[in-house]
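The structure appears right after this line, and notes come after that.
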Amino acid sequence: MKILSLIRSVLLSRKRNCIMISLCFIFTTLLFNLMIAISSDYINGVNYISKNRYDRTAIVTHTTSLKPLSAQRISDELKRQGVKCRMEILNINSSLMYSEQSRISDEYIKLLTYNLHPDNLSLYTRYEKDSFNVSGYTTEPSEYLDVELEGEKPDINKDYGGKIPVIVQSVSDKEIGDTVKGRAAQGKFELLVVGKYKSNEVWDLLLSPGDLLYNSSYYTDYRILEKSGCYTPDNRDFTEKQYENDDNYFHEHFCDVILLKTDDMFYAEFESRIRNTWSVNDEKKGDIIFGNPLFGVDKDTFSNDYISLLQLFPAFIAIAVVGSIGIVANGFLNAESRIKAAAVFRSCGANTSKIAIINTVCELVVMLFSTIVSFIILLIIKLIFGLNIINADSILFTALYLLILTVLISIIGNITLLKSKMLDVIRRYENQ
Amino acid sequence: MIKLENVDKYYNYHMDTEVHALKNVNLTINDGEMVAIMGVSGSGKSTMLHILGCLDSQTKGKYFLGEYEVCKYSSNTIAEIRNEEIGFVLQNFGLLSDKSVYENISYPLIFNPAVKYKMMKRLITKAAEDMLVSDFLKKPVKELSGGQKQRVALARAIVNRPNIILADEPTAALDKNTANDIMNVLINLNKNGKTVVIVTHDRSVAEKCNRIIELSDGEIISDKENIPA
Ligand SMILES: Nc1ncnc2c1ncn2[C@@H]1O[C@H](COP(=O)(O)OP(=O)(O)O)[C@@H](O)[C@H]1O
Ligand SMILES: [Mg+2]
Chain A
1 MKILSLIRSV LLSRKRNCIM ISLCFIFTTL LFNLMIAISS DYINGVNYIS KNRYDRTAIV
61 THTTSLKPLS AQRISDELKR QGVKCRMEIL NINSSLMYSE QSRISDEYIK LLTYNLHPDN
121 LSLYTRYEKD SFNVSGYTTE PSEYLDVELE GEKPDINKDY GGKIPVIVQS VSDKEIGDTV
181 KGRAAQGKFE LLVVGKYKSN EVWDLLLSPG DLLYNSSYYT DYRILEKSGC YTPDNRDFTE
241 KQYENDDNYF HEHFCDVILL KTDDMFYAEF ESRIRNTWSV NDEKKGDIIF GNPLFGVDKD
301 TFSNDYISLL QLFPAFIAIA VVGSIGIVAN GFLNAESRIK AAAVFRSCGA NTSKIAIINT
361 VCELVVMLFS TIVSFIILLI IKLIFGLNII NADSILFTAL YLLILTVLIS IIGNITLLKS
421 KMLDVIRRYE NQ
Chain B
433 MIKLENVDKY YNYHMDTEVH ALKNVNLTIN DGEMVAIMGV SGSGKSTMLH ILGCLDSQTK
493 GKYFLGEYEV CKYSSNTIAE IRNEEIGFVL QNFGLLSDKS VYENISYPLI FNPAVKYKMM
553 KRLITKAAED MLVSDFLKKP VKELSGGQKQ RVALARAIVN RPNIILADEP TAALDKNTAN
613 DIMNVLINLN KNGKTVVIVT HDRSVAEKCN RIIELSDGEI ISDKENIPA
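Taken in sequence, the protein lines are chains A and B.
Residue numbers for the first sequence follow my numbering, beginning at 1 and rising by one.
Residue numbers for the second sequence follow my numbering, beginning at 433 and rising by one.
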């Protein structure tokens with residue numbers, strides 16, 4: 001109680017010092033918090049992508065095989081590779097449709113689909129202009145990936161008046177409600193756009209069966225596609241690329257697969273196992289080849305948003321360091337008055353440990369006070385400006401930082417106090 | 433009883449800047465005495481008083497404070513002894529000028545484990561009344577005159593009811609009338625049974641004491657009884 005009252009009194013006479021330290025402190029904690037909040041947001045974001053989203057969706061990959069693909073074969077092969085995951089097949093079949101406006105005969109088109117070659121540019125252009133591709137998915141991408149869908153998904157139970165409900169890409173010139181007429185498998189079909197992806201990522205990363213059909217790919221539930229009758233083995237052949245090698249012709253079957261990672265496997269491990277099966281010529285690697293895994297969300301794109309802030313980090317750190325030095329220096333500058341007080345206390349019978357206690361408690365209180373004030377200020381800033389400069393991580397880190405700083409300051413303070421010879425101080429007193 | 437036996441004090445012992453501040457000092461001061469230590473500036477008066485007040489320790493020799501041989505105790509025990517036995521009036525008052533009179537007087541009590549918080553107010557008021565400073569207990573020391581400051585310093589020296597009052601140049605910073613006042617206060621304290629040792633270079637001040645010890649260059653050159661006029 002007595003000591004407490006003394007501490008109170010000492011603190012009161014250090015008011016200006018307190019305010020100085022608080023200012024330094026608030027400034028430093030502000031920056032510190034901002035820094036940590038940003039970086040932890042960033043780290044959390046990356047973690048979220050790596051853990052949650054990739055966990056859910058893991059990888060979109062491309063598999064190819066010389067034999068026809070089925071879900072069973074793919075999952076057997078994955079098991080054989082030791083890839084522990086759940087699997088969803090994204091595009092198991094595609095159908096090529098030809099628009100009414102096409103001036104190319106069906107036979108010619110048929111030929112095209114078997115002999116498609118970029119060298120023949122005139123055909124290529126025609127082809128691109130007048131044909132489009134409908135892919136049937138078993139898993140609608142927005143269910144698993146961070147791709148938002150405008151409108152709705154094609155519903156197998158709903159009646160669309162004989163039209164095939166489809167989703168278009170964000171880059172498509174078609175809007176929801178538009179219809180597209182086309183011919184495939186010797187029949188006429190009409191597509192009805194019911195959904196549109198909001199971002200281009202679907203196109204860029206996932207739905208790329210028709211590389212040539214930019215702006216003219218449509219997606220629907222594979223059951224709808226099959227029921228519609230526009231899906232034929234001939235059309236399907238389009239999706240089975242042709243390869244020629246020295247000895248023989250062969251078809252390469254492919255499909256896009258969403259692999260759902262399970263908890264007990266690292267992302268890198270997962271990826272490398274799939275990559276291990278890359279080379280088509282390597283017999284040992286089984287007859288299913290997994291292509292480059294594609295990621296649901298581009299991490300680099302995500303980082304870019306933070307890059308400019310991250311670049312400010314050295315400045316933040318510098319200012320925080322300067323602030324901290326200021327706080328410590330303040331301790332030194334105030335040493336004289338504290339030493340004087342300590343000398344008076346000692347001449348009144350205080351022993352070393354009591355002086356150390358008083359000093360330490362005072363430092364602690366100053367720190368605590370400034371901490372609380374700076375957190376309140378941070379909160380106010382957060383509330384008023386909606387800036388995210390304070391979060392659980394930053395509070396934790398700041399608390400740690402403050403603790404270290406406080407310990408440092410009180411050690412310095414106590415050393416200066418205890419090293420100062422009381423008598424010298426008293427003599428200095430006398431000579432004033 | 434205070435007793436110095438063959439006490440030598442060196443500053444910067446064994447160094448180039450060595451100062452032999454006290455030379456083979458032998459001195460006994462009995463309880464209830466009123467002693468003046470005189471000498472020119474630099475003769476070692478403060479050094480001696482600091483040793484007597486357990487603020488400093490001798491280089492050689494022995495110092496007995498009552499039954500304690502001071503150098504045998506830890507610095508914490510010495511702090512306790514100082515707190516209980518000695519009231520020290522520093523030269524230039526040695527007060528914290530920002531703090532109130534009340535607070536300045538309270539310090540010895542704060543460090544005295546025998547005094548409870550509740551008792552403090554009464555003891556401080558009493559000491560302040562005795563020293564005639566009870567009217568400005570709330571005032572910060574820096575607003576007081578020199579004489580008032582010295583009274584506050586004295587109040588602080590006596591608040592713990594020590595048996596020994598040591599005062600270093602208690603009148604040096606004061607005008608003649610105020611100096612007289614302060615001396616009367618000290619004489620009164622002595623009459624109430626305290627041992628009072630003051631350091632002064634002023635003969636008229638020393639003459640008010642019962643015993644005058646003269647120091648020169650760290651040595652006691654005379655030690656006489658004195659009957660105050
Ligand atoms: N801390 C110190 N270091 C070195 N010399 C000192 C110290 N304190 C005092 N002295 C010297 O010791 C001598 C006695 O000083 P002091 O006791 O203060 O004399 P007085 O109080 O009689 O003026 C002086 O020569 C002084 O310079
Ligand atoms: Mg002196």
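Idealized CB from N, CA, C, for every residue including glycine.
Since this is a predicted model, take the numbers as computed values, not measurements.
Between the CA atoms of residue j and residue i - distance to the nearest angstrom
i: I7/A; j: A342/A; result: 12 Å
i: V322/A; j: N33/A; result: 15 Å
i: I415/A; j: V628/B; result: 35 Å
i: D530/B; j: S39/A; result: 46 Å
i: S217/A; j: K79/A; result: 32 Å
i: F132/A; j: E143/A; result: 24 Å
i: A546/B; j: L522/B; result: 24 Å
i: T220/A; j: P165/A; result: 7 Å
i: L312/A; j: L378/A; result: 19 Å
i: L333/A; j: L12/A; result: 17 Å
i: K227/A; j: Q72/A; result: 22 Å
i: L405/A; j: N508/B; result: 29 Å
i: K492/B; j: G650/B; result: 14 Å
i: L121/A; j: G187/A; result: Note on L121/A: pLDDT 38, under 50, position unreliable in the model; the coordinate value appears next. Each residue's alpha carbon lies about 28 Å from the other.
i: L23/A; j: G326/A; result: 10 Å
i: K340/A; j: K570/B; result: 21 Å
i: N658/B; j: K581/B; result: 29 Å
i: L527/B; j: L576/B; result: 11 Å
Residue environment, residue i, which counts as buried when at least 16 other CB atoms sit within 10 Å
i: H482/B; result: buried
i: G136/A; result: buried
i: P681/B; result: This structure leaves residue 681/B out entirely; chain B is present only between 433 and 661.
i: G161/A; result: exposed
i: R588/B; result: buried
i: R346/A; result: buried
i: F385/A; result: exposed
i: M447/B; result: exposed
i: K553/B; result: exposed
i: F316/A; result: buried
i: Q169/A; result: buried
i: Y549/B; result: exposed
i: T179/A; result: exposed
i: Y534/B; result: buried
i: D567/B; result: exposed
i: E517/B; result: buried
i: P314/A; result: exposed
i: K608/B; result: exposed
Chain-ordered neighbours of residue i on chain B, where CB pairs are closer than 9 Å
i: S13/A; result: L528, D530, K531
Residues that residue i contacts on chain B, provided the C-beta gap is smaller than 7 Å
i: A350/A; result: A511, F543
i: L6/A; result: I542
i: I3/A; result: I542
Whole-Å CB distance - residue i paired with residue j, under 8 Å assumed
i: S370/A; j: I21/A; result: 6 Å
i: V637/B; j: R583/B; result: That pair is no contact at about 16 Å.
i: R643/B; j: E465/B; result: 6 Å
i: G519/B; j: N624/B; result: The Cβ separation is near 13 Å, so there is no contact.
Own chain partners of residue i with C-beta closer than 8 Å, once the 5 adjacent residues on each side are dropped
i: S648/B; result: G471, V472, S475
i: I176/A; result: E150, G151, V193, V194, G195, K196
i: D488/B; result: K441, T479, H482
i: E501/B; result: K494, Y495
6 Å Cβ shell around residue i - same chain, five flanking residues per side excluded
i: K435/B; result: T460, F496
i: E150/A; result: K196, K198
i: K174/A; result: V168, V193
i: K441/B; result: A453, L454, T479, Q490, T491
i: K477/B; result: I469, G471, V631, L647
i: T360/A; result: S410
Partners in chain A for residue i, counting only beta-carbon separations shorter than 9 Å
i: M551/B; result: In chain order: nothing, as chain A lies at least about 10 Å away.
i: S507/B; result: N351, T352
Sequence-distant residues of its chain with Cβ nearer than 7 Å to residue i (five each side left out)
i: L564/B; result: R583
i: E601/B; result: Q523, V631, T632
i: E363/A; result: T406, I409, S410, G413
Contact set between residue i and chain B, taken where Cβ atoms lie within less than 8 Å
i: G9/A; result: One point to set straight first is that residue 9/A is Ser, not Gly, in the sequence displayed. What S9/A touches in chain B: K531, E535.
i: A341/A; result: L528
Residue i: contacting residues in chain A (beta-carbon distance under 8 Å)
i: R429/B; result: Given a span of 433 to 661 for chain B in the structure shown, any question on residue 429/B remains unanswerable.
Chain-ordered chain A contacts of residue i [CB-CB under 7 Å]
i: N444/B; result: Here the premise fails: no neighbours, minimum Cβ distance about 12 Å.
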